[in-house]
Amino acid sequence: ETGVTQSPTHLIKTRGQQVTLRCSSQSGHNTVSWYQQALGQGPQFIFQYYREEENGRGNFPPRFSGLQFPNYSSELNVNALELDDSALYLCASSLVSTGGRLTGELFFGEGSRLTVL
Amino acid sequence: AQSVTQLGSHVSVSEGALVLLRCNYSSSVPPYLFWYVQYPNQGLQLLLKYTSAATLVKGINGFEAEFKKSETSFHLTKPSAHMSDAAEYFCAVSGFGSGNTGKLIFGQGTTLQVKP
Chain V
555 ETGVTQSPTH
565 LIKTRGQQVT
575 LRCSSQSGHN
585 TVSWYQQALG
595 QGPQFIFQYY
605 REEENGRGNF
615 PPRFSGLQFP
625 NYSSELNVNA
635 LELDDSALYL
645 CASSLVSTGG
655 RLTGELFFGE
665 GSRLTVL
Chain S
-11 AQSVTQLGSH
-1 VSVSEGALVL
9 LRCNYSSSVP
19 PYLFWYVQYP
29 NQGLQLLLKY
39 TSAATLVKGI
49 NGFEAEFKKS
59 ETSFHLTKPS
69 AHMSDAAEYF
79 CAVSGFGSGN
89 TGKLIFGQGT
99 TLQVKP
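Quick mapping for you: the protein sequence lines, in order, are chains V and S. So for the first sequence, our numbering puts the first residue at 555; every next one is plus one. So for the second sequence, our numbering puts the first residue at -11; every next one is plus one.
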């Protein structure tokens, strides 16, 4: 067990709706990254949050947004859901130095599986 | 830009046989490379990582990988497969800049099947 917890574990939404996924980081970690893993694919980097600010973003549209809170927990919000948003969403926490580099490893949660109908 | 390619989406071996999972990378900066394992309905677990130290990296559960710059490869091996090794394996490179940024670019994954 990594200490990274995600909620909910499963959810079903319809096209056009909005969803919020939550992640609680491992104790002592200051950075949260989010990944989207479509069925049969490798995870794709969505974005990373460091000190409550977005610190890098992958090739995802603006309707994917996030927050990081002072306790380093995080939310992923997706607006105007599309069928292709159906995937496993993984959160990973880590400790990043002031120079912006990892000082340890990424610890992944078990993910939130989103189905869009 | 960095990328990884995993050769073979499915690999099947007999229990006790050698496991070889292939990964080639592309990177414009010295790469940081990783292998992760994913069991059904679970998140990703780090097996091992290369961070520019020794080229032969030993990981958990008897796995190891060798960084070969001339071949741009980072293949994962295990001398003797166990039934519990059956899982999805992902090779990844640290992307979006140099160093270990924590922003990983993953390959498509290789499903390892272990036959009794």
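We treat Cβ as the ideally placed atom computed from N, Cα and C, and that holds for glycine.
Asked, Found
"Neighbouring residues, chain V, relative to I93 of chain S (Cβ below 8 angstroms)", "F599"
"Stretch pair the segment 561 to 579 of chain V + the segment -4 to 8 of chain S: three plus CB contacts closer than 8 angstroms", "no"
"Proximity winner among S:F62, S:L32 and S:F51, relative to S40 of chain S (alpha-carbon distances)", "S:F62"
"For Q30 of chain S, the nearest candidate out of V:Q622, V:Q602, V:S628 and V:Y643 (CA to CA)", "V:Y643"
"Inter-residue spacing [alpha-carbon to alpha-carbon] between Y27 of chain S and V670 of chain V", "24 angstroms"
"Cut-off 7 angstroms between Cβ atoms - residues of its own chain near N609 of chain V, not counting five sequence neighbours on either side", "Q602 and Y603"
"Beta carbon proximity, N88 of chain S to chain V, threshold 7 angstroms", "yes"
"CB contact below 7 angstroms: E606 of chain V versus chain S", "no"
"CB contact check: L(-5) of chain S to chain V, cutoff 7 angstroms", "no"
"CB contact flag (Q96 of chain S, G596 of chain V, <7 angstroms)", "yes"
"As assigned by DSSP and simplified to three states, the class of L6 of chain S", "coil"
"C-alpha gap between L100 of chain S and L35 of chain S, whole angstroms", "14 angstroms"
"First and last residue of the uninterrupted beta strand (DSSP E) at F599 of chain V", "Q598 to Y604"
"Chain-ordered chain S contacts of F662 of chain V [CB-CB under 7 angstroms]", "G31 and L32"
"Three or more C-beta pairs below 8 angstroms linking the segment 2 to 9 of chain S and the segment 53 to 73 of chain S", "yes"
"Any C-beta of chain V under 7 angstroms from that of G97 of chain S", "yes"
"Cβ separation of T43 of chain S and E54 of chain S, assumed to be a contact under 8 angstroms, to the nearest whole Å", "6 angstroms"
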